[in-house]
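Engineer:
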Amino acid sequence: MNQNWHGTLIRHMLLLVTGCLLVGLISGYYGWSLAIGLGLYLGWTLKQLLRLHDWLRQHKPDEAPPDGYGLWGEVFDSIYHLQRRDQRVRGRLQAVIDRVQESTAALKDAVIMLDSDGNLEWWNRAAETLLGLKTPQDSGQPVTNLVRHPRFKEYFEQDNYEEALEIPSPTNDRVRIQLYLTRYGNNEHLMLVRDVTRIHQLEQMRKDFVANVSHELRTPLTVICGYLETLLDNVEEVNPRWSRALQQMQQQGSRMQTLLNDLLLLAKLEATDYPSDNHPVAVQSLLQTIKNDAQALSGERGQHITLEADPTVLLKGSEGELRSAFSNLVFNAVKYTQDKGTIRIRWWADQQGAHLSVQDSGIGIDSKHLPRLTERFYRVDSSRNSNTGGTGLGLAIVKHVLLRHRARLEISSVLGHGSTFTCHFAPPQVSRSEAIAVKD
Ligand code: ADP
1 MNQNWHGTLI RHMLLLVTGC LLVGLISGYY GWSLAIGLGL YLGWTLKQLL
51 RLHDWLRQHK PDEAPPDGYG LWGEVFDSIY HLQRRDQRVR GRLQAVIDRV
101 QESTAALKDA VIMLDSDGNL EWWNRAAETL LGLKTPQDSG QPVTNLVRHP
151 RFKEYFEQDN YEEALEIPSP TNDRVRIQLY LTRYGNNEHL MLVRDVTRIH
201 QLEQMRKDFV ANVSHELRTP LTVICGYLET LLDNVEEVNP RWSRALQQMQ
251 QQGSRMQTLL NDLLLLAKLE ATDYPSDNHP VAVQSLLQTI KNDAQALSGE
301 RGQHITLEAD PTVLLKGSEG ELRSAFSNLV FNAVKYTQDK GTIRIRWWAD
351 QQGAHLSVQD SGIGIDSKHL PRLTERFYRV DSSRNSNTGG TGLGLAIVKH
401 VLLRHRARLE ISSVLGHGST FTCHFAPPQV SRSEAIAVKD
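In the UniProt record's numbering, the protein residues as written are 1 to 440.
1) Taking 7 Å as the line, does the beta carbon of residue 291 fall inside it for any heavy atom of the ligand ADP?
2) Determine the extent of the alpha helix (DSSP H) in which residue 65 is found, giving its start and end residues.
3) Using beta-carbon positions only, say whether residue 354 and residue 315 come within less than 8 Å of one another.
4) Quick one: does the C-beta of residue 416 sit closer than 7 Å to a heavy atom of the ligand ADP?
5) At the level of alpha carbons, what is the spacing between residue 437 and residue 321?
6) Relative to the alpha-carbon of residue 335, which residue among 149, 214 and 363 has its alpha-carbon at the smallest distance?
7) Work out the CA separation of residue 94 and residue 34 for me, nearest whole Å.
8) When you measure from the CB of residue 335 to every non-hydrogen atom of the ligand ADP, does any distance come out below 7 Å?
9) Hey, would you say residue 404 sits closer than 8 Å to residue 275, going by beta carbons?
10) Thinking just about the alpha-carbon of each residue, which of 299, 297, 165 and 259 is nearest to the one in residue 394?
11) Should residue 1 go down as buried or exposed, given a rule of 16 or more other Cβ atoms within 10 Å for buried?
12) May I ask which residues mark the beginning and end of the beta strand (DSSP E) holding residue 342?
13) Count the other CB atoms, across all protein chains shown, that sit within 10 Å of the CB of residue 72; report buried if there are 16 or more and exposed otherwise.
14) Looking at C-alpha atoms only, which residue of 112, 129 and 173 is the closest neighbour of residue 143?
15) Along the chain, which unbroken stretches of the beta strand (DSSP E) at least 3 residues long are found entirely within the region 285-312?
16) Give the range of the beta strand (DSSP E) segment to which residue 25 is assigned.
17) Taking 8 Å as the threshold, find out whether the region 241-253 comes into contact with the region 277-296 through three or more Cβ pairs.
18) Could you tell me the alpha carbon to alpha carbon distance between residue 29 and residue 13, rounded to whole angstroms?
19) Hey, how far is the Cα of residue 230 from the Cα of residue 240?
20) So what does DSSP say about residue 440, is it helix, strand or coil?
21) Can you pull the DSSP bridge partners for residue 119?
22) Which residue marks the beginning of the alpha helix (DSSP H) containing residue 159, and which one marks its end?
23) Since residue 282 is in the beta strand (DSSP E), which residue starts that stretch and which ends it?
24) With distances taken between CB atoms, is the gap from residue 119 to residue 141 smaller than 8 Å?
25) Contact between the region 150-168 and the region 84-91: three or more CB pairs below 8 Å?
26) Leaving aside the five residues before and after residue 75 along the sequence, list all residues of the same chain whose C-beta is less than 6 Å from its C-beta, in chain order.
27) I'd like to know whether the C-beta atoms of residue 333 and residue 398 end up nearer to each other than 8 Å.
28) May I ask you to list the residues that DSSP assigns as paired with residue 168?
29) Tell me where the beta strand (DSSP E) around residue 432 begins and ends.
30) Name the DSSP beta bridge partners of residue 209, please?
31) With DSSP as the reference, please indicate the residues paired to residue 421 in a beta bridge.
32) Note down, in chain order, each residue of its chain lying with its Cβ closer than 6 Å to the Cβ of residue 181, except the 5 sequence neighbours on either side.
33) Going straight from the alpha carbon of residue 377 to that of residue 171, what length do you get?
34) Can you give the Cα-Cα distance for residue 59 and residue 85, rounded to whole angstroms?
35) What are the start and end residues of the alpha helix (DSSP H) that includes residue 397?
36) Along the chain, where does the beta strand (DSSP E) containing residue 190 start, and where does it finish?
Rendered as structure tokens:
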């Protein structure tokens with residue numbers, strides 16, 4: 001069909017003109033016969049154009065094009081073939097889409113596609129069960145209107161989706177779901193939701209077990225420590241051979257008490273997502289008391305402890321929890337810094353939020369330990385721990401308190417040169433007060 005239509009068209013026109021001239025020669029009206037011939041040709045061409053137009057507008061999917069002559073026939077056929085090819089490609093694409101939709105519909109995990117504004121575009125069947133989405137009413141609705149947990153809104157609006165979010169399902173409080181968000185394409189979001197109720201229950205059992213054991217051990221331990229104290233108070237009546245043993249028993253007893261208290265505090269922190277309080281805490285005066293306690297702990301060791309704190313920067317949260325976290329960091333600095341070393345505590349705010357940093361010139365930590373430092377009972381050097389009397393739970397408590405106060409912990413350290421622990425609090429946690437007097 002690769003005919004040269006330019007040449008054919010020119011030949012047809014030449015034939016038409018020659019025919020018209022011949023008629024003109026016979027009739028003697030050249031001009032009229034040329035005009036009538038070209039007019040007829042134009043009329044025929046317009047008629048073909050109209051047929052094409054009608055066919056394009058009204059034809060049924062598989063209806064063949066009308067018969068055409070010459071170039072018009074070729075145009076009809078080409079359009080028809082183009083349409084058929086397009087239909088075949090669309091059919092193939094539809095089949096792929098159907099298969100993808102079928103397979104995602106069969107998934108137990110929910111898959112939800114959101115546009116760049118966070119409105120629902122598409123979801124599978126599991127999303128209806130796990131999130132309670134309704135087809136088709138919820139299409140185009142903002143996802144934050146349908147999943148109303150405050151943590152989800154926060155998670156969705158932040159930029160960093162590296163970690164998954166775990167919340168109760170909006171349809172059933174007893175079902176625990178884990179959400180993963182990723183961006184794709186033109187800033188659209190893909191959300192995957194998993195039912196993690198079973199893992200959550202196991203985790204809960206573990207937490208309850210630790211909390212219950214700690215609680216149950218507390219009373220007998222208090223009795224034992226109480227008797228030990230009484231015995232030591234009357235040490236002169238005790239056989240001298242036992243005196244050292246009693247002292248060691250008391251030391252270990254109080255170590256166990258600290259450990260149980262830390263375990264119970266951790267269990268309490270894990271029980272809820274948010275701090276019990278959300279009042280502005282005057283961090284500067286809190287740090288001042290911690291600094292005084294640290295000075296007392298440092299005692300004769302001659303460490304130089306400084307505090308630079310902006311008194312106008314307040315932090316919304318629980319004073320008790322913040323005290324535990326901050327004092328753990330400061331007391332660690334005292335424990336792991338040699339005599340006459342320096343410890344610098346700073347509290348300030350900027351556009352990124354508020355920050356607390358505890359910098360020491362102590363023994364430092366090898367970089368390989370840094371990622372695991374906030375794990376429970378993780379020890380850089382276990383022999384070091386028994387010297388300092390640490391429980392190995394201090395930084396785990398810090399991590400949990402910070403999580404509950406929308407903050408993160410940054411640790412930098414050089415072995416032999418000291419460490420810096422910095423807590424970064426998000427701007428919504430920070431409030432300002434101009435009326436607080438500076439006291440240091
Ligand atoms: P611990 O009760 O043993 O201090 P933590 O959870 O508070 O437990 O700290 C975990 C480990 O991190 C400690 O055993 C210690 O080795 C290390 N560490 C914490 N703070 C410091 C610091 N300021 N300098 C050096 N090492 C530190």
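For each residue, glycine too, the CB sits at the ideal point set by N, CA and C.
Structural biologist: Here's the rundown:
1) No, Cβ of residue 291 sits at least 7 Å from all heavy atoms of the ligand ADP.
2) Looking at the DSSP string, residue 65 is not in any alpha helix (DSSP H), and its letter there is neither H nor E.
3) Yes, these two residues count as a Cβ contact at 8 Å.
4) No, since every heavy atom of the ligand ADP falls outside the 7 Å radius drawn around the Cβ of residue 416.
5) Per-residue confidence for residue 437 stands at a pLDDT of 47, beneath the threshold of 50, marking its modelled position as unreliable; no derived number is given.
6) Among 149, 214 and 363, the Cα nearest to that of residue 335 belongs to 363.
7) Distance between the alpha carbons of residue 34 and residue 94 is about 55 Å.
8) Because some heavy atom of the ligand ADP lies under 7 Å away, the Cβ of residue 335 counts as near it: yes.
9) Judged by their CB atoms, residue 404 and residue 275 are nearer to each other than the 8 Å cut-off.
10) The shortest Cα separation from residue 394 among 299, 297, 165 and 259 belongs to 259.
11) Legend: pLDDT at residue 1 = 48, less than 50; position of this residue unreliable, no value from coordinates given.
12) Start and end: 342-350.
13) Burial call: buried.
14) Among 112, 129 and 173, the Cα nearest to that of residue 143 is on 112.
15) Qualifying beta strand (DSSP E) stretches, in chain order: 304-309.
16) Where residue 25 is concerned, there is no enclosing beta strand (DSSP E), although the alpha helix (DSSP H) it sits in stretches over 5-27.
17) Between the region 241-253 and the region 277-296 there are fewer than three inter-stretch CB-CB distances shorter than 8 Å, so the stretches are not counted as touching.
18) When rounded, the distance between both Cα atoms is 19 Å.
19) Roughly 15 Å separates the two Cα atoms.
20) Below a pLDDT of 50, predicted positions are generally treated as unreliable, and residue 440, at 44, falls in that range; the measurement from the model is reported next regardless. For residue 440, the three-state secondary structure derived from DSSP is coil.
21) Per DSSP, 142.
22) Looking at the DSSP string, residue 159 is not in any alpha helix (DSSP H), and its letter there is neither H nor E.
23) Counting along the chain, the beta strand (DSSP E) containing residue 282 begins and ends at 279-282.
24) Yes, Cβ-Cβ distance for residue 119 and residue 141 is below 8 Å.
25) By the C-beta criterion, the region 150-168 is judged not to be in contact with the region 84-91, since fewer than 3 inter-stretch pairs fall below 8 Å.
26) None.
27) For residue 333 and residue 398, no; Cβs fall outside 8 Å.
28) The partner list for residue 168 (beta bridge, DSSP) reads 176.
29) Residues 430-432.
30) In DSSP, residue 209 forms no bridge with anything.
31) Here residue 421 is bridged, per DSSP, to 358 and 411.
32) So the list reads 161, 189 and 191, once near-sequence residues are dropped.
33) Distance between residue 377 and residue 171, taken at the CA atoms: about 38 Å.
34) Distance between residue 59 and residue 85, taken at the CA atoms: about 16 Å.
35) 394-404 is the span of the alpha helix (DSSP H), which, as asked, contains residue 397.
36) Per DSSP, the continuous beta strand (DSSP E) segment holding residue 190 begins and ends at 188-195.
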